[in-house]
Amino acid sequence: MSTTPLSSIPLQFLLHVPPCDRCTCDSAPQFVPPTPASDECYSIDVGNQFQVSIRARSRYR
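So for the sequence shown, our numbering puts the first residue at 106; every next one is plus one.
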């Protein structure tokens, strides 16, 4: 795993989205555990790395 920044923006994230043949742009994802609650708040000191898992699935499984 590289620690080289992808950009100069302080917050970075990477998502892997597998293809879904039956999905449309009108179908919003459904967030499932272990995704944190929408009101969850984290305090991270400058220079520290932080990792959190976010999982979503299509409504068309």
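Every residue, glycine too, gets a C-beta built ideally from N, C-alpha and C.
Relative to the alpha-carbon of residue i, which residue among the options has its alpha-carbon at the smallest distance?
| i | options | result |
| --- | --- | --- |
| I159 | V122, V151, D150, S148 | V122 |
| R172 | F118, S148, S132 | With the chain covering 106 to 166 only, the question about residue 172 has no answer from this structure. |
| R164 | D150, C130, S107 | C130 |
| T140 | V157, C146, P124, P134 | V157 |
So what's residue i in DSSP terms, helix, strand or just coil?
| i | result |
| --- | --- |
| F136 | strand |
| A142 | coil |
| R160 | strand |
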